Amino acid sequence: MKKLFFTLFVMLPFMAVTSSAQILFDRGDVNGDGNADISDVVALVNIILNGGDAQLTCPDNHHPHMIDLGLPSGTKWACCNVGADKPEAYGGYYAWGETEVKTTYNWNTYNHYDGSSNTCHNIGRDIAGTQYDVAHVKWGGSWVMPSREQINELLNNCTHEWTTVNSVNGRKFTSKTNGGSIFLPAAGERGNSELSNAGGYGDYWSSTLYESYPGESDPRGAVDLYFYSGRVYWDRSCSSSRSVGHSVRPVR
Ligand SMILES: [Zn+2]
38 MKKLFFTLFV
48 MLPFMAVTSS
58 AQILFDRGDV
68 NGDGNADISD
78 VVALVNIILN
88 GGDAQLTCPD
98 NHHPHMIDLG
108 LPSGTKWACC
118 NVGADKPEAY
128 GGYYAWGETE
138 VKTTYNWNTY
148 NHYDGSSNTC
158 HNIGRDIAGT
168 QYDVAHVKWG
178 GSWVMPSREQ
188 INELLNNCTH
198 EWTTVNSVNG
208 RKFTSKTNGG
218 SIFLPAAGER
228 GNSELSNAGG
238 YGDYWSSTLY
248 ESYPGESDPR
258 GAVDLYFYSG
268 RVYWDRSCSS
278 SRSVGHSVRP
288 VR
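Following this line, the structure appears as structure tokens:
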């Protein structure tokens, strides 16, 4: 009994302190380099004094940049796509949950297709930050694919217009609060071995599985942001087959 008291009343405060410290440590990776260390203190001071390393628009060729769109969650969007060397470049096309480009995009070549009954392997309902997140795998640190909620936030807090950057069609999203902006090129998509509708529409993956039918254990779709010159399709039910190659614009 004495030992139990010791455990409960002497150790408990220490256990509580330890777990708080762990939470602080986990959340201490301010600069997104994967480590919580002294450089994060510098990054934190920089954020307090200067608003951090985030920019209102892409400033130079040292991509990727964090763009501050004044979003309520503090989410910053990247200036360019995964695999792109400038904001208007299309970059790579990725099937949902895959982290490499390939020559043929269909169910037969899809890594997470189970091949039996038109269902897919379950790799999670939100793949952000996992081994299936191409933004996280390619760029590291705290870069991840945007969730459905983060794309929703982008649309709720930005105006957007169809425009052209260096002769490339796409849609520019401009913050309603701070004037920051990003450009998403209309990169089209890759189905089978064809690139289709490049310049015609943009189709960007979220990290979120599309659970079209409640109870369906391994859905075949994921939520995407789709736009062309006329409008943006985004009503929290826009989805695409996971096997199709789409663009990815990271956030952090
Ligand atoms: Zn940039």
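In this text, residue positions in the sequence shown follow this note's numbering: the first is 38, and each later residue adds one.
Just so you know, even glycine gets a beta-carbon here, dropped at the ideal spot from N, CA and C.
This one's a predicted model, so the numbers in the text were calculated from it and none came from an experiment.
Using a Cβ distance threshold of 8 Å, W114 and L192 do not count as a contacting pair.
With a cutoff of 7 Å, P222 does not count as near ligand 1, since its C-beta is closer than that to no heavy atom of the ligand.
Look at K113 here: in three-state DSSP terms it is coil, with no helix or strand label. Rounded to the nearest whole angstrom, the C-alpha separation of E137 and N118 is 14 Å. Each residue's CA atom was taken as its position, placing G207 and G128 some 13 Å apart.
Residue pairing from DSSP places R227 in a beta bridge opposite L232 and G282.
Here the alpha carbon of Y130 sits roughly 5 Å from the alpha carbon of G282.
Between D240 and S284, the C-beta gap is smaller than 8 Å, which places the two residues in contact. Here G166 is not near G71, since their CB atoms are 8 Å or more apart.
Within its own chain, the residues whose Cβ lies closer than 6 Å to the Cβ of H197, once the five positions on either side in sequence are excluded, are R208 and F210, listed in chain order. H158 has its CB no nearer than 7 Å to any heavy atom of ligand 1. Looking at the backbone, the Cα of E186 and that of D163 are separated by about 11 Å. For G267, the closest C-alpha among the options P96, Y238 and S280 is that of Y238.
Taking C-alpha positions only, T156 is separated from N189 by approximately 27 Å. By the Cβ-count criterion, H158 is exposed, with fewer than 16 other Cβ atoms from all chains shown falling within 10 Å of its own Cβ. Set against 7 Å, the gap from the CB of P109 to the closest heavy atom of ligand 1 is not smaller.
A straight-line Cα-Cα distance of about 34 Å links S233 and S110. For N194, the enclosing alpha helix (DSSP H) starts and ends at R185 to N194.
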